[in-house]
Each structure stands twice: as C-alpha cells, then as structure tokens.
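Throughout the sequence shown, residue numbering follows mature numbering (1 follows the signal peptide of the UniProt record, and there is no 0), covering -18 to -1, 1 to 429 in sequence. The next block holds one structure in the form of structure tokens; read it before the comments.
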Amino acid sequence: MPPRVLTAVARRSLPVAAAVLGLVATLAVPPGPDAGSALSPAYAAPVHGYPGPPPGELGQVSALMTSAIVRRQLPGAVVMVGHRGQVALLHAYGVRKPAGEPGVDGVVTPAEPMTVDTVFDIASLTKVLATATAVMQLYEQGRVRLDDPVQRYLPAFNPTNDPRRTDVTVRTLLTHTSGLPGDVNLDDPWGLTHENRPEGLRRALTAPLEAPPGAAFRYSDINFELLGALVEAVTGEPENVYVRRNVFAPLGMTDTRYLPTAGPVARNSALLRRIAPTRLDTEGRPSTNPHFGSVMRGVVDDPTSRRMGGVAGHAGVFSTAADVGLFAQALLDRLAGRPSAFPLRQATLQTMTAPNRPSAPGPFRAVRGLGWDIDTGYSGSRGTLFPVGSFGHTGFTGTSLWIDPGSDTYVVVLSNAVHTPGSPPISRLAGAVATAAARTLGVAHPR
C-alpha cells in the first residue's frame, strides 16, 4: 500500500490541544486564519523547460542540475538568477513528484513535472525572508533595540534575572551567538497528536545556555523561535499575519505565506497541486503520531515548526523561486539606492548585512549578518567567485538564496532535495550553480 499524503488541510482539521501552559500564555499568539524515510526513486525525465534560457545561455547551470537529478540527488528544482536588474535565468528541472507515489488525492499517479511556479517549503529561508526582516522593521521603528536583553521583550526567558541569561540580546539571537542549543528537545511526543505551540515556546524560552552569550557562533533554531515570539509580543499579532502584510504583500510575493493551504485557500486544490512534497513523516511511532508514514505536502517539514502548528520564527514559510527573486531584487535595489518596495530603509539593510563576529579568539571566527550568513561553515552556497561580504542562507529541505550586491546578482535554488534520503546538503549544488552563474555573467571579485 502506498504512503498516504499528509496535507495541511488534513493536519489542521484535527482538534487543537486544550491545555495552555501559563508560563507562555501571554506570548503564545496563535497563528491567524490568514495565514526521513525512503520514497520511490522512480524519477521521470530529468529536465523540463518551463520556460528555459536561450540556447547556450547559462548552459553550465543546466548541466549541473541535470547531472544532480540523473544521479538522484534530488527529484527536481527551480533555479532563478538575477543580474543587474534583469532575470538571467528562470528554469524548472526534473519532477515535482516522482512516478509511483501518491498525488494530492492519495492515488498513485505518474510523475508530476517540475514547473517554475512550484511552491516549496523553504525551511530556514524563513529566518531571513520573514523573521529577521520583521525584527529589523521593529528596530527601524524604534520598537526593538538590538542590544537589549531578550528578557525585555520576553520576560519568561529569564524570570529569575539570571545574569548569564541577561547577556542574551536580540543581536546575539540574530547572529547565532546566544549560547543556546541547536533546537528544543523532540525526544518525547509533544505536538504529534495535536499541535502544541505553547509547549514549543516554553521549551525555547527555558532552553539552557551551553556557552557564554556572544562568545561563539552556533547555528540554533531556538534563536529564531524566540525572535518569532518577540515579533508577536511586540506587535500583538501572529507572525504569519504580520509578515504577510508587512513583508510579503509590499513586495508582491503573492505565493509566499505560512500555512499555504489554510483558511479560504484550503479548498484551492490547484494550489495544493503546485506544492512540492518533501518526505515521509517518520516522527515518533504510529501509536504516538497519527500522521506517521504520510507524505508531507503543504505541511511544514521542520519537526519543531510542525509540532507548533506550522508557524514559527525559524521555519514554516512556503514560496516560489519567482517570489524569492522579487525579495532579492528589491533588497539589491534598496541597498543600491534605487527605487524599491523593500520594506526596510537602506541604512537598516546596511546594518543588517554588515559583518558581525563572535568575541572569542580562535583560528576561525564565523562572520554573520543579522540573520544572514556571510562566512561560516554554512556558506557553501556562495560558491567560489562571489566574495566574502556577499550574503545568503539555505534551508534544510533543499533551498538556497545567495545575494552579491557588488555585482548586483542573486542566485535562487529551490528544491525538495530532502525527498531523496541521504542526499548531500543543497549548499554544494547551490554553490556550484552560483559559481557557474557568476562565471557566465562575468562576475570577478578578488578573494
């Protein structure tokens, strides 16, 4: 029997957990209504032009993508390259869903070709497209200060006024130098039977420090789970509602949202068919997870965000390559002083993308922006030609965005690579794509 398909509609039709923990009740703003296990490796023809570049243009990018699909590193992807205000490439490769797997109605169907309007779970790109941008809006408005202790906005983070936790600031969350662990504990089955946002927030707020704040870089989802809670505490709105109105809508990102099939669009089967499935839900056991063994499609892949109901500061946004490209181009335009709808001022963006380093000495000190990656062990998507000082981010599901203001270029790679068990990190392929694009476009920076 083929696996079932778990859609957001099916998951959110379950009863919501009744218990609300008092510690975070005032911070747990619920999402607004507006808002790996092996699968079949039967991939269809590897390349589909929807549309394609003229013959010979950026052909090395297509060769890289075709090779990765033939080697079954991913089912398919959409690549977008922008350069000097123009779209140099927007191309779909491979398949959205391999043959022999269930479609949105649960019936085994032929392969679904990848299309340029495919909607992807962008995973940790949520951190920069949504949460960090929202935090910097609040900074720009004077409602948040970067070097304030987190407890000023989230008192439950430090109810005993522990001096060590007082040193955790908004800036250390944005730069992943807070000293907090990588994520909350997922060993027990909280949030599996029924979503439990208050419990997820409680675990983030009470996570112990593992290093002195500001001393060292450690990538942590908890940092952005807390920042998402901060946005909600300051604005009084669910993060999904706030970012949709204040970040995505001004940029015309009409296919970008948390909870892509919730609310009125839940009945839009055409939208659901455009969403790329990620993988099987293998969390817990069948006795503790009613969705065990289902294919996730329109449901966030990240387990913490999923247990919290699909809206969290670190993961949960779905988008298309074209929408991510709109964000990147508007950001480049704003940084360059050109007319732009980007919802931050030029000076704020300059602050956001300036290098920040941990205080502790060492042979390698990671360089981060406020939310953005600049030069760390996660920077493979930069490739070999874009310079340190360019910036970007990746997402676990197989997504990447890299932006180089110096050459006025951005590279978007969106895939559901996580669908393929054991696939290498997307940063390797995205870095090769970035290098090929930069070389073809004549980007040459001293390194």
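For every residue, glycine included, the Cβ atom is placed at its ideal position computed from N, Cα and C. Here the structure is a predicted model, which is why all the values come from computation and not from measurement.
Report the rounded CA-to-CA distance for residue i versus residue j, giving the unit in angstroms.
i                 : j              : result
valine 77         : leucine 191    : 43 Å
alanine 215       : glutamate 221  : 10 Å
arginine 184      : glycine 41     : 49 Å
methionine 334    : proline 340    : 16 Å
proline 171       : glycine 266    : 6 Å
arginine 347      : glutamate 94   : 44 Å
proline 52        : valine 415     : A quick correction: the sequence has valine, not proline, at residue 52. Using only the alpha carbons, I get a separation of about 16 Å.
proline 369       : aspartate 169  : 40 Å
alanine 189       : serine 269     : 28 Å
proline 36        : arginine 289   : Below a pLDDT of 50, predicted positions are generally treated as unreliable, and proline 36, at 41, falls in that range; no measurement from the model is reported.
leucine 423       : proline 321    : 24 Å
glycine 14        : serine 363     : Annotation note: pLDDT 48 at glycine 14 (below 50); position unreliable, no value reported.
glutamate 207     : threonine 142  : 21 Å
alanine 211       : valine 306     : 24 Å
alanine 419       : aspartate 386  : 12 Å
methionine 47     : aspartate 144  : 51 Å
aspartate 284     : glycine 295    : 12 Å
histidine 176     : histidine 273  : 11 Å
phenylalanine 309 : leucine 326    : 12 Å
alanine 116       : arginine 255   : 30 Å
tyrosine 240      : threonine 302  : 13 Å
valine 166        : leucine 187    : 10 Å
alanine 138       : valine 110     : 25 Å
glycine 319       : proline 232    : 18 Å
tyrosine 121      : glutamate 83   : 46 Å
tyrosine 201      : alanine 114    : 15 Å
tyrosine 135      : tyrosine 224   : 17 Å
serine 397        : tryptophan 384 : 15 Å
For residue i, write down the residues that DSSP places opposite it in a beta bridge.
i              : result
residue 459    : Because the chain spans -18 through 429 in this model, residue 459 falls outside it and cannot be assessed.
aspartate 103  : Phe300
histidine 65   : Gln68 and Thr391
aspartate 283  : Paired residue(s): none; aspartate 283 is not in a bridge.
isoleucine 385 : Phe373 and Tyr392
serine 49      : Beta-bridge pairing links serine 49 to no other residue.
residue 430    : This structure cannot speak to residue 430, because the chain is shown only from -18 to 429.
threonine 154  : None; threonine 154 has no bridge partner.
proline 403    : Answer by DSSP bridge pairing: none, since proline 403 is not bridged.
asparagine 338 : Arg350
proline 131    : Thr151
serine 397     : Ala59
Could you tell me if residue i is buried or exposed, where buried requires 16 or more neighbouring beta carbons within 10 angstroms of its beta carbon?
i              : result
glutamine 119  : buried
asparagine 178 : buried
valine 63      : buried
asparagine 338 : buried
arginine 146   : exposed
asparagine 140 : buried
glycine 218    : exposed
alanine 164    : Note on identity: in this sequence residue 164 is glycine, with alanine being the wrong assignment. Glycine 164 comes out exposed.
alanine 329    : exposed
glutamine 55   : buried
aspartate 357  : buried
glutamine 123  : exposed
proline 406    : exposed
arginine 226   : buried
proline 259    : buried
alanine 304    : buried
glycine 292    : buried
alanine 59     : buried
proline 180    : buried
aspartate 103  : buried
proline 403    : exposed
With distance defined between alpha-carbon atoms, name the residue in the options nearest to residue i.
i                 : options                           : result
residue 448       : Asp149, Pro145, Gly413 and Gln123 : Nothing about residue 448 can be read from this structure; the chain reaches only from -18 to 429.
glycine 275       : Thr264, Arg421 and Val223         : Thr264
isoleucine 204    : Gly380, His273 and Val152         : Val152
leucine 107       : Ala414, Ser382 and Gly404         : Ser382
valine 395        : Arg66, Arg53, Ala74 and Arg54     : Ala74
glycine 377       : Leu156, Asp355, Gln311 and Pro84  : Asp355
serine 409        : His65, Ser361 and Ala426          : Ser361
phenylalanine 373 : Leu317, Gly380 and Ser202         : Leu317
leucine 156       : Ala336, Gln55 and Leu411          : Ala336
isoleucine 257    : Leu72, Thr238, Ala112 and Arg226  : Thr238
valine 349        : Gln68, Phe199 and Leu212          : Phe199
leucine 262       : His401, Pro272 and Gly298         : His401
asparagine 271    : Gly234, Thr260 and Gly173         : Gly173
proline 92        : Thr391, Ser202, Ala252 and Pro80  : Pro80
arginine 127      : Tyr240, Ala412, Val213 and Ala231 : Val213
threonine 243     : Gly298, Asp315, Ala193 and Leu136 : Gly298
threonine 366     : Gln332, Leu209, Ala412 and Val229 : Ala412
methionine 235    : Val101, Tyr135, His158 and Gly85  : Val101
Runs of 4 residues minimum, wholly inside the segment 288 to 334: which ones carry the alpha helix (DSSP H) assignment? 303 to 317
Mind pulling the beta strand (DSSP E) runs of 3 or more residues that sit fully within the segment 341 to 378? 355 to 357 and 373 to 377
So within the segment 185 to 270, which uninterrupted alpha helix (DSSP H) runs reach at least 4 residues, ignoring any that extend past its ends? 203 to 217, 221 to 225 and 251 to 256
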